[in-house]
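Please read the structure below before turning to the comments.
Protein chains: 2
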Amino acid sequence: MQRYFLETPITNQPGQTFELTGTAVHHWLTVMRAQPGDQAEFVTTAQQVVIGTLKTTTDKTATVEVVSVTTPKVELPTPVIIACGVSKGDKTEQIVQRGTELGAAGFVFFDCQYAVAKWAPNKRDRKLARLTKIAQSAAEQSHRTMIPTVTYQPDLATLVAEVPHTAGVVAWEESAKQGESSQLVQTLRQLPVGDQLLAIFGPEGGLTPAEIDTLTAAGVKPAGLGPRIMRAETAPLYLLSAVSFWRELV
Amino acid sequence: MQRYFLETPITNQPGQTFELTGTAVHHWLTVMRAQPGDQAEFVTTAQQVVIGTLKTTTDKTATVEVVSVTTPKVELPTPVIIACGVSKGDKTEQIVQRGTELGAAGFVFFDCQYAVAKWAPNKRDRKLARLTKIAQSAAEQSHRTMIPTVTYQPDLATLVAEVPHTAGVVAWEESAKQGESSQLVQTLRQLPVGDQLLAIFGPEGGLTPAEIDTLTAAGVKPAGLGPRIMRAETAPLYLLSAVSFWRELV
C-alpha cells in the first residue's frame, strides 16, 4: 500500500475525515490515479500509521476517512545521527538513502580539511532540500514513521556543539589498526535507551589528527568498526546495522 | 601502498625474490609506473601479506624482493556466503562491491520465481567474470587477504545442496512482520567459529512461500533483520555488518 507522510496534525479517530495536504495530494491523485474507495497509509506527525480511504476528491483536493490507527515500533530504540564529511557525486545521496532504510534519525554533512567537495553557500539549501526528499522517499519505502533530518555544519567544532547527543563516536581507521575493537560496544552498553548517539565519519581522505583531537576534546570517542577498510559511504551503514542488531535483535 | 593478490604460491622468506605474474605486472609497471626500489603489498595464496621491493624489471616482467611477511587477521571469523536473487542493473555489482568491503567470503546469485532479471546462459560467464573483478578490486581496497568467490545457481534447491554451510538463514519480511527478532542471534550463537554461514536474500519481488518451504525443508531458518523494510541490496550489508559486530567487536 502507498505510504505518505502527513505534514500537519490530523484528528485520527476511525470514521473521522481529514483533508490531505502537501505533495501527497498530487502524488496520490495524479501519479497513482487514486479513486474514491482506494486506500493508502498515512504517517501522522505523531508517528502513528493511519489507514485511510479516499472519500471525495476534486483534481486538487482529497478528503480521507480514517479506517484504522496503529503505532508500529519501527524506529531504532537508539536514535542515531550520522555525520559525514561532504562527498562528491552521488555518495551523499547513497548515505542518506541507505542510512534511512537502516534507521538513521538524521544526517549532518560537514566541511573539513580533507573534504573532497565543497558545498557552495548558494547551493547548500538546494542540496539539503534534495537530500531531504531522498530521505522522505526512502522513509516511505522502508516503512519508517519519521523522516530523518538532513542538515549542514561548517566544521566539526560547531557540529559537536550544535547536534544534541548523549554519546558520540568517530570512526577512525587508526583505532582499527591499533586493534581497538570495544569502544563502540562500550558506548552502546553505557548509552541509556532513547538517548541520541552521534556517529561521525570522515570524508574519503579521512580526518586530520587535529580534527580527531577537536572531537575527543568534546568527549567523542574514536571507535574501530572491525579490521577491514571501508569506504566513506559504507562505514555509516555498518554502524547503523550494528546498532539495530544490538538494540533490536540481541 | 598499492596491494595486489598473487595468483600462484611464492617463497616468502625476507631477502628472497619472486617473479610477479598475471594482471598485477601490467598494473604495477604500466599503470602505476613502478620503478626499481618502489614497494607494494602482495597477498599470497596463503593469505599472508608480503611487502616487496621491485628489484629489476623489463616492460613486461617484474622481479620482487620480499621485505617482510605478516599474517593479518582481517577476515570474518564466521565465513559468510551471501546468496541473492538475480537483480537488474548495477545492484549485483553494488552487493559484491560493498559486501566484499564488509567481509563476505563469497557471493551466489540465483534464479527464482520473482527474479526481476534473467542471466542468459551465454552471458553468465561474462557476468561472473565482471563481478569477480569487482570483488578483487574491492578486496584490494579494503585490505582483505582473500578474494570472495562469485558463482551462479539455477535455483534454491540446487543452491542449498551445492553451497557448503553449517547453518543457513533466509531474510524473510514475514518473519520481521511477525516480530521474530532472535533467529539470527540464535544461529550465530550456535554456529562454531570458523564454520560457514549461508545467508539467502530474495530479489526485489521477494521469495514465494514455496521457495521459503524449499529452504526451511533444507534446514535454512527464516530470520528477521529488524522492523524496517530494506531493499534487496541493503539487507546483505546489514547481515554482514551484524556478523562482524557480533564476532569482531562484542
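Taken in sequence, the protein lines are chains E and Y. Counting from 1, position 230 in the first sequence corresponds to residue 230 in our numbering; the numbering is continuous, with no gaps. Counting from 1, position 89 in the second sequence corresponds to residue 1089 in our numbering; the numbering is continuous, with no gaps. Yeah, the Cβ is synthetic: ideal placement off N, Cα and C, and Gly gets one too. Quick caveat, the model's predicted, so the values are computed rather than measured.
Check	Outcome
Short CB-CB distance (under 7 Å) between Pro-227 of chain E and chain Y	yes
Beta-carbon contacts of Glu-1007 of chain Y that lie in its chain and below 7 Å, excluding the five residues immediately before and after	Thr-1021 and Gly-1022
Within 7 Å, strictly: CB atoms of Met-1230 of chain Y and Glu-101 of chain E	yes
Glu-140 of chain E in three-state terms, based on DSSP	helix
Interface residues of chain E facing Arg-1003 of chain Y [CB-CB closer than 9 Å]	Residues of chain E passing the Cβ test: none, with the nearest at roughly 10 Å.
Pairwise C-alpha distance: Ile-1134 of chain Y and Ala-1157 of chain Y	27 Å
Chain E residues whose Cβ lies nearer than 7 Å to that of Ser-1142 of chain Y	Arg-228, Ile-229 and Met-230
Nearest candidate by alpha-carbon position, reference Lys-1123 of chain Y, set Y:Val-1116, Y:Tyr-1152 and Y:Gln-1113	Y:Tyr-1152
Gly-1234 of chain Y at chain E interface by Cβ criterion, 7 Å	Note that residue 1234 of chain Y is Thr in the sequence shown, not Gly. So, interface residue.
Collapsed DSSP secondary structure at Gln-1094 of chain Y in the structure displayed	helix
Residues that Ile-147 of chain E bridges to, as DSSP identifies them	Per DSSP, none; premise fails for Ile-147 of chain E.
Counted within 10 angstroms of its Cβ, other Cβ atoms place Val-31 of chain E as buried (16 or more) or exposed	exposed
Where Gly-89 of chain E falls, given that 16 or more other Cβ within 10 Å makes a residue buried	exposed
Within chain E, the residues that Ser-1181 of chain Y reaches when beta carbons sit closer than 8 Å	Glu-248 and Leu-249
Below-7 Å beta-carbon distance, Leu-103 of chain E vs any chain Y residue	A quick correction: the sequence has Gly, not Leu, at residue 103 of chain E. Cβ-Cβ to chain Y under 7 Å: yes for Gly-103 of chain E.
Inter-stretch contact at 8 Å, needing at least 3 Cβ pairs: the segment 1214-1224 of chain Y / the segment 1166-1180 of chain Y	yes
Euclidean distance between Cα positions of Pro-1192 of chain Y and Gly-1052 of chain Y	36 Å
Proximity test, Cβ basis, 7 Å: Leu-1191 of chain Y and chain E	no
Nearest-angstrom Cα separation, counted from Phe-109 of chain E out to Leu-1215 of chain Y	43 Å
Whole alpha helix (DSSP H) elements within the segment 1211-1250 of chain Y, 4-residue minimum	1235-1244
Proximal residues to Leu-1159 of chain Y (C-beta, below 7 Å), its chain only, five neighbours per side dropped	Ala-1083, Val-1108, Phe-1110 and Gln-1153
Proximal residues to Ser-1181 of chain Y (C-beta, below 7 Å), its chain only, five neighbours per side dropped	Gly-1224
Any C-beta of chain E under 7 Å from that of Ala-1242 of chain Y	yes
Limits of the alpha helix (DSSP H) - the one that Glu-1162 of chain Y falls within	1156-1162
According to DSSP, residues forming a beta bridge with Ser-68 of chain E	E:Ile-51
is_contact[Leu-128 of chain E, chain Y] using C-beta, thresh 7 Å	no
Within 8 Å of chain Y by C-beta, residues of the segment 45-73 of chain E in sequence order	Pro-72 and Lys-73
Candidates Y:Gln-1190, Y:Ile-1147, Y:Thr-1145 and Y:Asp-1155: closest to Thr-1166 of chain Y by CA position	Y:Gln-1190
Cβ neighbour criterion (16 or more within 10 Å) applied to Val-67 of chain E	exposed
Cβ-Cβ distance between Tyr-114 of chain E and Gly-205 of chain E below 7 Å	yes
Buried versus exposed call for Thr-1044 of chain Y [16 or more other C-beta atoms within 10 Å across all chains shown]	buried
CB contact below 7 Å: Phe-245 of chain E versus chain Y	yes
With 16 other Cβ atoms within 10 Å as the buried cut-off, status of Pro-1148 of chain Y	buried
Residue from E:Lys-118, E:Gln-141, E:Thr-57 and E:Phe-201 with nearest C-alpha to Phe-42 of chain E	E:Gln-141
Identity of the residues DSSP links to Gln-252 of chain E by a beta bridge	The structure shown does not extend to residue 252 of chain E, since chain E is modelled only from 1 to 250, so the question has no answer here.
Interface flag, Tyr-1114 of chain Y vs chain E, CB-CB below 7 Å	no
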